[in-house]
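Chemist: Numbering (the working numbering), first residue to last: 332 to 528. First the structure, then my questions, so here it is.
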Ligand code: VGL
Ligand code: ZN
């Protein structure tokens, strides 16, 4: 069984948003066509409390896009984004989300970020998505969304680690590309056996 996993197609990751990904809104019609063509669709939603530890504003003297050491490893700092209950955290208004069978929220613990839809950034705290998909009998995942080199890539790598067959549709993704992150994460995905199409 096969599912489409739509990652973080939210206002703050689209032009005009707090952490805008270039061309982020361009994927919406492409993602909508994929949603139509799949029998099963799952969405993720980046969902941070105000004052989240991944926000540069939570660290005195730090600027967005710097990296700091957190107890669980290096963490890139971001502008405040996808704050729970704000307009920026909502799905893009044109995203055809009604068909989704599950919306999984991530990044809701103040002290740890979660790029991956499967594990928080300590790479050990599960979100529950792996168990959900396995229990429902899904073995094949297609992933799309924002951003290619962060939440999509870490989700795809974890899904491979959990034994799923994973395809990333790059035409339905856009990247942040911070310090070569797109090339680095594309290589890591390919090495892990993610099909990039
Ligand atoms: C994301 C940075 C911070 C993403 C989420 O969805 O790729 N990136 N939070
Ligand atoms: Zn985030």
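Don't be surprised by glycine CBs; every beta carbon is placed ideally from N, CA and C. None of the values given here were measured: they were computed from a predicted structure.
Assuming residue 443 and residue 451 make a contact with CB atoms under 8 Å, what is their CB distance in whole Å?
Modeler: Looking up residue 443 in the chain shown gives position 112. Looking up residue 451 in the chain shown gives position 120. Contact holds; Cβ gap of about 5 Å.
Chemist: On the DSSP bridge assignment, give the partners of residue 471 in chain order.
Modeler: Against the chain shown, residue 471 aligns to sequence position 140. In the DSSP output, where bridge partners are listed per residue, residue 471 has 333 and 496.
Chemist: Consider the C-beta atom of residue 512 and the heavy atoms of ligand 2; say whether any pair is separated by less than 7 Å.
Modeler: Sequence index remark: in the chain shown, residue 512 carries index 181 (1-based). Not so, every heavy atom of ligand 2 lies at least 7 Å from the Cβ.
Chemist: How would you call residue 514, buried or exposed, if buried means at least 16 neighbouring beta carbons within 10 angstroms?
Modeler: On the chain shown, position 183 is the one that residue 514 refers to. Classification of residue 514: exposed, given that the 10 Å Cβ count is below 16.
Chemist: Check this for me: beta carbons of residue 386 and residue 408, under 8 Å apart or not?
Modeler: Counting from one through the chain shown, the residue named residue 386 turns up at place 55. Counting from one through the chain shown, the residue named residue 408 turns up at place 77. A contact, by the Cβ cut-off of 8 Å.
Chemist: Nearest CA to the CA of residue 498: which residue from 505, 488, 441 and 403?
Modeler: Taking the chain shown and counting its residues from 1, one reaches residue 498 at position 167. Out of 505, 488, 441 and 403, 488 has the C-alpha closest to the C-alpha of residue 498.
Chemist: Regarding residue 446 and ligand 1, is the C-beta to nearest heavy atom distance less than 7 Å?
Modeler: As a position in the chain shown, residue 446 is number 115, starting the count at 1. Within the cutoff, so yes.
Chemist: Hey, quick one: how far does the alpha helix (DSSP H) through residue 515 stretch, first residue to last?
Modeler: Translated into positions along the chain shown, residue 515 becomes position 184. 512 to 522 is the span of the alpha helix (DSSP H), which, as asked, contains residue 515.
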